[in-house]
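J.:
2 protein chains.
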Amino acid sequence: MQRHFDEELQTLKVQLMRMSALAEAMIAEAVKALVERDEKVIATVYAREKEVNHLQVVIDEMCLTLIALHQPAAGDLRFILGAAKTNSDLERLADQAVNIVDKAKALLEEPPLRPFTIIPRMATLARTMVRDSLHAFVNRDPAQSRAVLLRDDELDQLKRDITVELSEFMRQDPASVSRALALILIARNLERVGDHATNIAENTIFVVEGRDVRHHGG
Amino acid sequence: MQRHFDEELQTLKVQLMRMSALAEAMIAEAVKALVERDEKVIATVYAREKEVNHLQVVIDEMCLTLIALHQPAAGDLRFILGAAKTNSDLERLADQAVNIVDKAKALLEEPPLRPFTIIPRMATLARTMVRDSLHAFVNRDPAQSRAVLLRDDELDQLKRDITVELSEFMRQDPASVSRALALILIARNLERVGDHATNIAENTIFVVEGRDVRHHGG
Numbered sequence: 010m011q012r013h014f015d016e017e018l019q020t021l022k023v024q025l026m027r028m029s030a031l032a033e034a035m036i037a038e039a040v041k042a043l044v045e046r047d048e049k050v051i052a053t054v055y056a057r058e059k060e061v062n063h064l065q066v067v068i069d070e071m072c073l074t075l076i077a078l079h080q081p082a083a084g085d086l087r088f089i090l091g092a093a094k095t096n097s098d099l100e101r102l103a104d105q106a107v108n109i110v111d112k113a114k115a116l117l118e119e120p121p122l123r124p125f126t127i128i129p130r131m132a133t134l135a136r137t138m139v140r141d142s143l144h145a146f147v148n149r150d151p152a153q154s155r156a157v158l159l160r161d162d163e164l165d166q167l168k169r170d171i172t173v174e175l176s177e178f179m180r181q182d183p184a185s186v187s188r189a190l191a192l193i194l195i196a197r198n199l200e201r202v203g204d205h206a207t208n209i210a211e212n213t214i215f216v217v218e219g220r221d222v223r224h225h226g227g
Numbered sequence: 010m011q012r013h014f015d016e017e018l019q020t021l022k023v024q025l026m027r028m029s030a031l032a033e034a035m036i037a038e039a040v041k042a043l044v045e046r047d048e049k050v051i052a053t054v055y056a057r058e059k060e061v062n063h064l065q066v067v068i069d070e071m072c073l074t075l076i077a078l079h080q081p082a083a084g085d086l087r088f089i090l091g092a093a094k095t096n097s098d099l100e101r102l103a104d105q106a107v108n109i110v111d112k113a114k115a116l117l118e119e120p121p122l123r124p125f126t127i128i129p130r131m132a133t134l135a136r137t138m139v140r141d142s143l144h145a146f147v148n149r150d151p152a153q154s155r156a157v158l159l160r161d162d163e164l165d166q167l168k169r170d171i172t173v174e175l176s177e178f179m180r181q182d183p184a185s186v187s188r189a190l191a192l193i194l195i196a197r198n199l200e201r202v203g204d205h206a207t208n209i210a211e212n213t214i215f216v217v218e219g220r221d222v223r224h225h226g227g
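From first to last, the protein sequence lines stand for chains Y and U. Using my numbering, read the first sequence as starting at 10 and increasing by one per residue. Using my numbering, read the second sequence as starting at 10 and increasing by one per residue.
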C-alpha cells in the first residue's frame with residue numbers, strides 16, 4: 010500500500026511538472042507571436058490551453074483519489090492539498106498566455122509601436138519563476154521558494170518601467186493609445202504570471218513549514 | 010464522531026461566509042474611497058486585509074484538520090478540497106480591493122477626471138457575484154453557480170465600455186492619460202473580482218457534479 014501510494018504521489022508530481030512545462034511554453038509562444046509578429050503560433054497557444062484544462066481536471070482527481078484511498082499522514086496530506094492549489098495556479102497562469110495572444114491578434118493588424126525589449130525580459134523572468142516555483146514545490150524546498158519571492162520585485166519594477174514609458178507614448182501621440190494600452194495590459198498579464206508563481210512559492214512554504222495539522226483541532 | 014464532523018464542517022462554512030463578507034466590504038469600501046474621495050476609508054481596507062490573511066490560514070488549517078481527523082467520505086472530501094480552493098479565491102479577490110485603494114490614493118491627489126458611473130456598477134455586480142458564488146458553494150447549489158457564470162459576461166462588457174470611453178479621453182487630452190489609465194486598471198481589478206467569483210462557481214459545479222473519486226484510480 011505504501012509503495013503504491015509513493016508511486017501515485019510520484020505520478021502526481023510528474024503531471025504537475027508536465028502542466029508547468031506546458032504553461033511555460035504557452036507564455037514563450039504568446040510573447041513570440043507578439044514580438045516576431047508570428048500569427049501561426051497563436052493557434053498553438055489555443056490548442057495547448059485545451060490540454061492544460063484537461064490536465065487540471067486529471068490532477069484534481071488524482072489529489073482526491075490519493076487522499077480517499079490512502080488516507081495519507083499529515084505531511085503528505087498537506088502536500089496533496091498544496092498540489093491541488095498549485096494545479097489551480099498553473100491553469101490560471103496558462104490563461105494569461107491566452108490573454109496575451111488575444112491582444113496580440115489585434116496588435117498584429119497594426120504597425121508595430123516600437124521595438125520590444127521589456128516584454129521579452131518580463132516573459133523570461135516570469136517563466137523562470139514558474140519553473141523554479143514548481144521545482145521548489147515538488148522538492149518541498151522552502152529556500153528555493155523564497156528565492157522566487159525575491160524575483161517578483163524585479164518583475165514589478167519592469168512592469169512599472171514599461172507603464173511609464175508607454176504612458177509617455179500615449180501623451181505624445183494620440184494615435185498610439187490603443188496599441189500602448191494593449192502593451193501595458195500584456196505587461197500586466199506577465200506580472201500576473203509572476204503572481205501565480207509567487208502563490209505557488211508561498212504555498213510551498215506553508216506546506217513545508219506550516220504547523221502540523223495533528224497538533225491541534227478537535 | 011459524525012456529529013463532531015458535522016459541527017466542524019458547519020464552522021468551516023461559517024468562516025468562509027465571514028471571509029466572503031469581509032472581502033465584499035473591502036470592495037465596497039475601496040470603490041467608496043475612490044468615488045466619494047474619502048481617504049479615511051482607505052485605512053479600513055488595509056486593516057481588513059490583515060484580517061482576511063489571518064482567516065485564510067485559519068480556514069486552510071480547518072480543511073487539513075477535518076480531513077486528517079475524520080477521513081471524510083468522497084462527497085465531503087471533495088467539498089473540503091473545494092473549500093480550500095474557495096478560500097484562496099476569497100483571499101485573492103480581497104487583494105483586488107487593496108489594488109484599487111493603492112491606485113485611489115494617487116487619484117485623490119489630482120482633480121477627478123469625470124463623474125463615475127460604470128465603476129460603481131461594476132463593483133455592485135462583482136460583489137453580488139462574490140456573495141452568490143459563496144452562497145452556492147456552501148449550499149452545494151450548481152444552479153446558482155451557473156447563474157453567477159452568466160453574469161460574468163455583463164461585467165466583461167462594462168469593462169470593455171469603460172476602456173473604450175477612457176481611451177477616447179486619453180486621445181483627446183494627454184493630461185488625462187495617467188488618471189484614465191488608473192481607472193482602466195481599476196475596472197480590471199473589478200473584472201478580476203468577478204473572475205474569482207467565477208472560479209468559485211466553477212469549482213462548486215466540479216464539487217457537486219464531478220465524478221465520484223472512489224470509482225477510479227488505484
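By construction, the Cβ of each residue, glycine as well, lies at the ideal position given by its N, Cα and C atoms.
1) Determine the contact status of M229 (chain Y) and M179 (chain U), defining contact as a CB-CB distance below 8 Å.
2) Let me know the secondary structure DSSP gives G219 (chain Y) once reduced to three states.
3) Tell me which same chain residues have a C-beta within less than 8 Å of the C-beta of L158 (chain U), skipping the five on either side of it?
4) Output the boundary residues of the alpha helix (DSSP H) element that contains N96 (chain Y).
5) The alpha helix (DSSP H) that contains Q19 (chain U), what's its start and end?
6) Rounded to whole angstroms, how far is the Cβ of L64 (chain Y) from the Cβ of R27 (chain Y), which I believe are closer than 8 Å?
7) From what residue to what residue does the alpha helix (DSSP H) around A52 (chain U) run?
8) Measure the C-alpha to C-alpha separation of E16 (chain Y) and I89 (chain Y) and round it to an integer number of angstroms.
9) Under three-state DSSP, which class holds E177 (chain U)?
10) With three or more C-beta pairs closer than 8 Å as the rule, is the segment 164 to 176 of chain Y touching the segment 20 to 34 of chain U?
11) Looking at chain U, is there any beta carbon in it that lies within less than 8 Å of the beta carbon of S187 (chain Y)?
12) What does Q166 (chain Y) reach in chain U if we use C-beta pairs closer than 8 Å?
13) Closer than 9 Å by beta-carbon distance: list the chain U residues that pair up with Q80 (chain Y), in chain order.
14) Please classify L122 (chain U): does DSSP put it in a helix, a strand, or coil?
15) Can you pull the chain Y residues whose beta carbon is under 7 Å from the beta carbon of P129 (chain U), in chain order?
16) Assuming the contact rule is C-beta atoms closer than 8 Å, I36 (chain Y) and A106 (chain Y) should be a hit. Round their C-beta distance to whole Å, please.
17) Using three-state DSSP, classify R155 (chain U) as helix, strand or coil.
18) Give every residue of the same chain whose Cβ lies closer than 7 Å to the Cβ of L154 (chain U), excluding the five residues on either side of it in the sequence, and list them in chain order.
19) Do you know whose CA, among Y:L164, Y:A93 and Y:L99, lies nearest R197 (chain Y)'s CA?
20) Given R160 (chain Y), which residues of its chain have a CB within under 6 Å of its CB, disregarding the five upstream and five downstream residues?
21) Run the CB neighbour count on A113 (chain Y), radius 10 Å, all protein chains shown included, and call it buried at 16 or more, exposed below.
22) If you measure from the beta carbon of M138 (chain U) to each beta carbon in chain Y, is any gap under 8 Å?
23) Sorted by chain position, which residues of the same chain lie with C-beta nearer than 8 Å to A191 (chain U)'s C-beta, five sequence neighbours on each side aside?
24) Who are the near neighbours of K168 (chain Y) in its chain, counting only those whose CB is closer than 6 Å to its CB and skipping five residues on each side?
25) Measure from the C-beta of M179 (chain U) to each C-beta in chain Y and report whether the shortest distance is under 8 Å.
26) In angstroms, rounded to a whole number, what distance separates the CA positions of L18 (chain Y) and L73 (chain Y)?
27) In terms of residue numbering, what span does the alpha helix (DSSP H) encompassing A135 (chain U) cover?
28) Check each candidate in Y:I193, Y:T53 and Y:P120 and name the one with the smallest Cα separation from E33 (chain Y).
29) Can you tell me the Cα-Cα spacing of D69 (chain Y) and D150 (chain U), whole angstroms?
30) How about S5 (chain Y): is its C-beta nearer than 8 Å to some C-beta of chain U?
31) According to a CB-to-CB cut-off of less than 7 Å, which residues of the segment 86 to 104 of chain Y neighbour chain U?
32) Given that P183 (chain U) touches chain Y, what residues does it touch there, using C-beta distances under 8 Å?
33) Answer with buried or exposed for V202 (chain Y), where buried requires no fewer than 16 other C-beta atoms within 10 angstroms of its C-beta.
34) Given a threshold of 16 other Cβ atoms within 10 Å of its Cβ, counted over all protein chains shown, does R87 (chain Y) qualify as buried or as exposed?
T.: Working from what's here:
1) Since the first residue of chain Y shown is 10 and the last is 227, residue 229 (chain Y) is not available in this structure.
2) In this structure, G219 (chain Y) counts as coil in the three-state DSSP scheme.
3) Within the same chain, L158 (chain U) has close Cβ partners T207, A210 and E211.
4) Note, N96 (chain Y): alpha helix (DSSP H), A83 to L116.
5) Q11 to V44
6) Yes, they are in contact, since the Cβ atoms of L64 (chain Y) and R27 (chain Y) sit about 7 Å apart, within 8 Å.
7) Unbroken alpha helix (DSSP H) run through A52 (chain U): K49 to H79.
8) Going by the C-alpha atoms only, they are around 14 Å apart.
9) helix
10) no
11) Output row for S187 (chain Y): interface = yes.
12) Ordered by position in chain U, no residue passes the 8 Å Cβ test against Q166 (chain Y), which lies about 16 Å from the chain.
13) I76, A77 and Q80
14) coil
15) Ordered by position in chain Y, no residue passes the 7 Å Cβ test against P129 (chain U), which lies about 23 Å from the chain.
16) Their Cβ separation, rounded to whole angstroms, is 5 Å, which keeps I36 (chain Y) and A106 (chain Y) in contact under 8 Å.
17) helix
18) Residue identity differs from the one stated: residue 154 (chain U) is Ser in this sequence, not Leu. If we look at S154 (chain U) and ignore the five residues flanking it on each side, its Cβ neighbours are S142, A145, A210, T213 and I214.
19) Y:L164
20) Cβ neighbours of R160 (chain Y) beyond the five flanking positions: M138.
21) buried
22) Among the CB atoms of chain Y, none fall inside 8 Å of the CB of M138 (chain U).
23) K112, A115 and L116
24) A196 and E200
25) yes
26) 12 Å
27) I127 to V147
28) Nearest option by C-alpha distance: Y:T53.
29) 20 Å
30) Outside the modelled stretch of chain Y, which goes from 10 to 227, sits residue 5 (chain Y), for which no answer is possible.
31) L86, R87, L90, A93, K94 and S97
32) M179, R180, Q181 and P183
33) Of the residues assessed, V202 (chain Y) falls on the buried side of the cut-off, its CB having 16 or more other CB atoms within 10 angstroms.
34) buried
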